[in-house]
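A.B. asks:
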Amino acid sequence: MPALSAIRGFKDILPGEASLWRLVEEKARDVVGRFDFVELRPPVIERTELFRRSIGQSTDIVEKEMYTLEDRGGDLITLRPEATAGMVRALIEHNLHEGGRATRLFCLGPMFRYERPQKGRLRQFHQLDVEIFSDPGPLADAEIIVLLYTFLSELGLPDLSIVMNSLGCPSCRPSFRESLVAFLSARRDRLCPDCQRRLAQNPLRILDCKSESCQEEVKGAPTFSAFWCCACQDHFQAVRSALGELGLPFRLDDKLVRGLDYYTRTTFEVRSGDLGAQSAVAGGGRYDGLCRELGGPDIPGIGFAAGLERLIILLSGQPPRPKGGPDYYVAILCPEALGPAFGLVQRLRLRGLSVAADWEPGGLKSRLKRADKAMAAKAVMIGPDELAAGQATVRDLSSKEQTRLPLDDPAAY
RNA sequence: GUGGGUGUAGCUCAGUUUGGUUAGAGCGCCAGGUUGUGGCCCUGGAGGCCGUGGGUUCAAGUCCCAUUACCCACCCCA
Numbered sequence: 000m001p002a003l004s005a006i007r008g009f010k011d012i013l014p015g016e017a018s019l020w021r022l023v024e025e026k027a028r029d030v031v032g033r034f035d036f037v038e039l040r041p042p043v044i045e046r047t048e049l050f051r052r053s054i055g056q057s058t059d060i061v062e063k064e065m066y067t068l069e070d071r072g073g074d075l076i077t078l079r080p081e082a083t084a085g086m087v088r089a090l091i092e093h094n095l096h097e098g099g100r101a102t103r104l105f106c107l108g109p110m111f112r113y114e115r116p117q118k119g120r121l122r123q124f125h126q127l128d129v130e131i132f133s134d135p136g137p138l139a140d141a142e143i144i145v146l147l148y149t150f151l152s153e154l155g156l157p158d159l160s161i162v163m164n165s166l167g168c169p170s171c172r173p174s175f176r177e178s179l180v181a182f183l184s185a186r187r188d189r190l191c192p193d194c195q196r197r198l199a200q201n202p203l204r205i206l207d208c209k210s211e212s213c214q215e216e217v218k219g220a221p222t223f224s225a226f227w228c229c230a231c232q233d234h235f236q237a238v239r240s241a242l243g244e245l246g247l248p249f250r251l252d253d254k255l256v257r258g259l260d261y262y263t264r265t266t267f268e269v270r271s272g273d274l275g276a277q278s279a280v281a282g283g284g285r286y287d288g289l290c291r292e293l294g295g296p297d298i299p300g301i302g303f304a305a306g307l308e309r310l311i312i313l314l315s316g317q318p319p320r321p322k323g324g325p326d327y328y329v330a331i332l333c334p335e336a337l338g339p340a341f342g343l344v345q346r347l348r349l350r351g352l353s354v355a356a357d358w359e360p361g362g363l364k365s366r367l368k369r370a371d372k373a374m375a376a377k378a379v380m381i382g383p384d385e386l387a388a389g390q391a392t393v394r395d396l397s398s399k400e401q402t403r404l405p406l407d408d409p410a411a412y
């Protein structure tokens with residue numbers, strides 16, 4: 000039991016998994032670049048107020064999951080629990096929306112929520128966040144979903160399914176909400192305790208309750224689609240036909256709801272198997288009112304966040320690609336060889352070669368074993384004989400061919 | 001915040017039901033043998049306050065209580 004360990008919900012990404020992380024991050028940057036997005040890196044800490052106003056008071060995130068602290072100046076600051084709020088803040092603060100065309104931004108990095116850890120859920124987790132600002136049209140929605148789908152399918156994820164819904168807008172959602180609350184209130188005592196609480200706090204959430212009995216009750220409930228205004232209906236229809244045009248396999252789900260308050264209209268989620276309860280790998284939607292909510296101009300937005308940990312879990316089931324080792328392993332066979340070997344290693348590295356070594360002399364057998372373990376292509380052996388001759392014995396570890404090369408001429412290697 | 005499961009060697013885990021001498025295996029590590037100088041094989045070795053603290057008992061890895069960490073699920077959310 001080590002005296003010190005990483006704190007709960009915070010995990011080391013060990014060298015063995017880091018290559019997979021790089022793969023995912025590189026793919027993300029690649030796809031996002033092809034879709035004409037540029038990177039914005041907001042700070043990891045923002046004023047608490049920013050998240051209070053954007054995410055919504057009623058969610059658990061703001062109520063009990065934020066890492067909030069008072070800095071030495073007495074300001075309340077918070078580790079970002081999600082990326083969108085910071086992106087919007089930066090957009091407004093630097094007038095990034097004033098370019099004549101839509102602003103297309105992405106962000107890749109850690110987020111923080113004080114939650115109970117479980118499969119695919121940590122307190123520090125990582126998201127790819129992609130946003131389009133200033134484009135209110137349905138094609139922006141469709142493009143964002145296509146981007147997400149392209150990213151995930153090029154990663155080779157199994158069993159992808161896109162689920163979509165439209166949450167309506169400020170002109171039609173309130174009446175839906177009212178009607179839903181009225182319907183559910185009449186059945187209040189048949190709902191699970193969680194849903195009785197939701198009824199007051201976040202009634203839309205009852206729609207996707209996991210309890211079977213609640214699902215039964217919800218069956219006859221009013222649906223979003225019956226309440227969409229004409230504009231919302233047309234918008235959603237256009238999104239769907241654009242996706243259909245490309246042959247993207249999506250499914251409509253009346254009961255798909257978002258956790259954060261700022262979402263409007265198009266909302267979507269991508270799921271994949273083998274994640275236990277945390278089946279959503281990415282989710283997002285439109286948030287046309289958020290900018291103004293935060294005191295900025297009236298700029299529409301649409302975007303998504305993808306949970307990288309979950310992608311990594313799904314991908315780690317796949318066969319790993321073989322990683323390459325260093326070009327050389329320098330085997331030091333006697334104490335006298337230490338100095339010359341140290342110099343040789345540095346000269347080789349300056350030449351651009353990757354070189355591994357252990358700074359302790361050892362037997363030939365043991366050093367060759369280490370060279371093998373390091374997955375080096377060649378071993379450079381330096382012992383008494385080699386020192387006397389001013390040369391090193393260089394062995395190709397796969398063909399077993401050996402040559403002698405001068406110790407002081409790195410260009411020969 | 002709620003529920004369930006699990007903590008034994010660097011790693012993966014036996015052993016706990018039915019308490020009983022020095023707590024095991026595989027992998028890894030170290031040394032040696034063999035192989036043309038490593039990989040395969042063989043021999044030997046190091047390495048554990050059995051998560052922590054109490055309790056029961058002649059005797060606790062094993063039974064009881066507490067505590068802590070991790071895992072899974074709920075909640076919430078990507």
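For the record, in the first sequence the residue sitting at position 311 is 310 according to numbering that gives the first Met the number 0, with numbers rising by one throughout. Virtual Cβ for every residue (Gly too), placed ideally from N, Cα, C. Fair warning: this is a prediction, and the values are worked out from it, not measured in the lab.
1. Verify whether the separation of the beta carbon atoms of T266 and L166 is less than 7 Å.
2. Give the secondary structure of T434 by DSSP, where H, G and I count as helix, E and B as strand, and everything else as coil.
3. Check each candidate in A5, M110 and R46 and name the one with the smallest Cα separation from E308.
4. Do you know offhand how far I54's Cα is from I44's?
5. Tell me where the beta strand (DSSP E) around P405 begins and ends.
6. What whole-angstrom Cβ distance do A281 and A304 have, given they're in contact under 8 Å?
7. Could you spell out the range, first to last residue, of the beta strand (DSSP E) harbouring T149?
8. Relative to the C-alpha of L179, which residue among I60, R197 and D193 is closest?
9. Excluding the 5 residues flanking E400 on each side, which residues of the same chain have their C-beta closer than 6 Å to its C-beta?
10. Can you give me the start and stop residues for the beta strand (DSSP E) that T58 sits inside?
11. Do L404 and A411 have their C-beta atoms closer together than 7 Å?
12. Where does the unbroken beta strand (DSSP E) through L104 begin, and where does it stop?
13. Would DSSP call P1 helix, strand or coil?
14. Relative to the alpha-carbon of G99, which residue among I298, K26, K209 and L154 has its alpha-carbon at the smallest distance?
15. Counting only the same chain and skipping the five closest in sequence on each side, list residues whose C-beta sits under 7 Å from that of R348.
16. Per the DSSP calculation, L49 is bridged to which residue(s)?
17. State the start and end residues of the unbroken beta strand (DSSP E) segment that holds H93.
18. Taking the C-alpha atoms as reference points, what is the distance between F124 and E81?
19. State the DSSP-derived secondary structure class of M163, mapped to helix, strand or coil.
C.D. replies: With the structure as the only source:
1. yes
2. Absent from the model: residue 434. The displayed extent of the chain is 0 to 412, so no value can be given.
3. M110
4. If you take the alpha carbons of I54 and I44, they lie about 15 Å apart.
5. Q401 to P405
6. 7 Å
7. Segment P137 to L154 is the alpha helix (DSSP H) holding T149; no beta strand (DSSP E) there.
8. R197
9. Within the same chain, and ignoring the five residues on either side of E400 in sequence, no residue has its Cβ closer than 6 Å to its Cβ.
10. Per DSSP, T58 belongs to no beta strand (DSSP E) and is neither H nor E.
11. Cβ atoms of L404 and A411: closer than 7 Å.
12. T102 to F111
13. Model confidence at P1 stands at a pLDDT of 43, short of 50, so the residue's coordinates are unreliable and nothing is read from them.
14. For G99, the closest C-alpha among the options I298, K26, K209 and L154 is that of I298.
15. V354
16. Bridge partners of L49: none, in fact.
17. H93 -> no beta strand (DSSP E), and no H or E assigned at all.
18. 10 Å
19. strand
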